[in-house]
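The block underneath contains the structure these notes are about, expressed in structure tokens.
Protein chains in written order, with our numbering: chain F, 1137 to 1391; chain E, 1137 to 1391.
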């Protein structure tokens, strides 16, 4: 076997939120397999590499995982430096284990480069710590999205048990997410926020309460998003609501 | 106010696991406030900056948070680029909110640069995804460590409700952690691992079951560590146990 496959976290989107190691590996790569969401700016760091889109984007046509695995093994036979680029961090909601296991079974050396996950990019943008003395000592990262044939899981109970929660791949199913969380016993007035296109120029953040989640989700532009839930977001949600009321009053006064 | 205070995630330890943005800000910084655990290599990137250690290390003498806040405000009055460097990510278990609130109240502009948190660095080193199809759709990050006067929290219930868990600032209190988790209903045979000095040359990883956590923790060298818990670690724990048995057999044969 000639090459090494590097599973590399691309971070939330902004090229300078790649790690130094990830940026270096992109520059050295012979071939890069990337998701549909990888930005042009990030991919342009892989100046000398062949670039192959293998993205599985929600709702869009998806390349089967087994086919991706086979292509990675083939690339490791032909090239020295193979990069498999994944948005955020490779080890959170990125189906990395299936690729790692297939590569190891084929005798390929795998290295993983961690990245900045969307939840932490959101906290940084909001300037709100996910943990806070006296308010939050646990943070739950979860997804309501199940694989084909996968049983319903305990994700909603986990969210209820944690002090703060961040949901991945959830904004597109807001009514179902609301129902599952209310059934699990989460209060409807708990503060939430949806952060979309994090760290990019088109970033948007909308805040409210859990019961308002479907309404907040409808305003989305359709970029990658995380849903943030918990008391640590209360001050922000209140500030956005007040700004909305001021805007509504100003509009009714000028009408 | 002259300067901006940047709360910057230093990542797990290896200098090339800083983000590109963090490395650039260190190079531009006039003054850097850092924790006791910041490595010489990372700090050397801040070539032109005055470096101030304000670390609060477990068990060691700690500088009061209020004093740190005041020093950050003073620095923003005197310098253009102030960096407050925090291990891992600033928004997870780093008491960033107290610093952000104090700075904002004093009229100082704050920017936060997210980083690679220890849990994700551990998953990368182990090549084990924290989420896995059919096994784990939720990951809980929690700490058993309470601030002074803080009530006992729901952290152990959150760990029990999640599929995978990563504990911060827990390895030093392994017997108490084991007791709290068993009381919360976590099984004693659930796989665990302790990852210490992540991404550094002196990195060590020890795996076993939850009931073995105190024994695994006793072998630690005392560096920063995370405790990983969940079924996704089962294959690794089994492999380490088999290696241990082989070593024991070899020793008894040669005796």
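Think of the CB as a built atom: it goes at the ideal place given N, C-alpha and C, for glycine as much as any other residue.
All figures in this text were calculated on a predicted structure; none of them were measured in a lab.
- Nearest to residue 1341 (chain F) by alpha-carbon distance, out of F:1247, F:1370, F:1204 and F:1261, is F:1261.
- In this structure, DSSP gives residue 1236 (chain E) a helical state, which the three-state scheme calls helix.
- Residues of chain E whose Cβ lies closer than 9 Å to the Cβ of residue 1160 (chain F) are, in chain order, 1152.
- Look at residue 1208 (chain F) here: in three-state DSSP terms it is helix.
- A Cβ of chain F is located within less than 8 Å of the beta carbon of residue 1267 (chain E).
- In this structure residue 1181 (chain F) is in contact with residue 1151 (chain F), their Cβ atoms being roughly 7 Å apart against a cut-off of 8 Å.
- Cβ neighbours of residue 1266 (chain E) within its own chain (closer than 6 Å, five residues either side excluded): 1259, 1275 and 1300.
- By the Cβ neighbour-count rule, residue 1156 (chain E) is buried, with 16 or more other Cβ atoms within 10 Å of its own.
- For residue 1388 (chain E), the three-state secondary structure derived from DSSP is helix.
- Using a CB distance cut-off of 8 Å, residue 1217 (chain E) does not count as an interface residue toward chain F.
- Taking 9 Å as the upper bound on Cβ-Cβ separation, chain F lies near residues 1240, 1246, 1247, 1248, 1249, 1250, 1251, 1252 and 1253 of the segment 1239-1253 of chain E.
- With at least 16 other beta carbons inside 10 angstroms of its own, residue 1147 (chain F) counts as buried.
- Distances from the CA of residue 1174 (chain F) to each of F:1209, F:1241, F:1166 and F:1219 were compared; the closest alpha carbon is that of F:1219.
- For the segment 1346-1378 of chain E, the set of residues with a beta-carbon nearer than 7 Å to any beta-carbon of chain F is empty.
- Remark: C-beta atoms of residue 1321 (chain E) and residue 1346 (chain E) do not approach each other more closely than 8 Å.
- Beta-bridge partners of residue 1138 (chain F) (DSSP): none assigned.
- Contacts with chain F at 8 Å (Cβ-Cβ) do not include residue 1169 (chain E).
- Short of 8 Å from the beta carbon of residue 1326 (chain F), and not among the five residues preceding or following it, lie these beta carbons of its own chain, in chain order: 1345, 1346, 1365, 1366 and 1367.
- By the rule that beta-carbons nearer than 8 Å mark a contact, residue 1314 (chain E) does not touch chain F.
- If you compare the alpha carbons of E:1351, E:1172, E:1302 and E:1216 with that of residue 1162 (chain E), the shortest gap goes to E:1216.
- Fully contained in the segment 1305-1359 of chain E are the following beta strand (DSSP E) runs of length 3 or more, in chain order: 1327-1332 and 1340-1345.
- In terms of Cα proximity to residue 1210 (chain F), the closest of F:1374, F:1334 and F:1243 is F:1243.
- Exclusion of the five residues before and after residue 1158 (chain E) leaves 1144 and 1249 as the residues of its chain whose Cβ lies within less than 6 Å of its Cβ.
- Residue 1169 (chain F) and residue 1190 (chain F) have their C-alpha atoms some 6 Å from each other.
- Residue pairing for residue 1147 (chain E): DSSP places it in a beta bridge opposite E:1224.
- Here residue 1353 (chain F) has 1307, 1310 and 1330 as same chain residues with Cβ atoms under 7 Å from its own Cβ, once five neighbours each way along the sequence are excluded.
- Note on geometry: alpha-carbon atoms of residue 1184 (chain F) and residue 1153 (chain F) lie some 21 Å from one another.
- Distances from the CA of residue 1343 (chain F) to each of F:1332, F:1328 and F:1350 were compared; the closest alpha carbon is that of F:1328.
- Taking a contact as a CB-CB distance under 8 Å, the pair residue 1282 (chain F) and residue 1290 (chain F) does not count as one, their CB atoms being some 12 Å apart.
- CA-to-CA, the gap between residue 1165 (chain F) and residue 1298 (chain F) works out to about 40 Å.
- Neighbourhood of residue 1227 (chain F) in chain E, by CB distance below 8 Å: 1256, 1259, 1260, 1264, 1265, 1266 and 1267, in chain order.
- Taking 8 Å as the CB threshold, residue 1166 (chain F) stays off the interface with chain E.
- Taking 8 Å as the threshold, the shortest C-beta distance from residue 1318 (chain F) to chain E does not fall below it.
- Scanning E:1235, E:1178, E:1272 and E:1207 for the CA closest to the CA of residue 1231 (chain F) turns up E:1272.
- In the displayed model, residue 1273 (chain E) falls within coil according to three-state DSSP, outside both helix and strand.
- The beta carbon of residue 1312 (chain F) lies closer than 8 Å to those of 1280 in the same chain, with the five residues before and after it left out.
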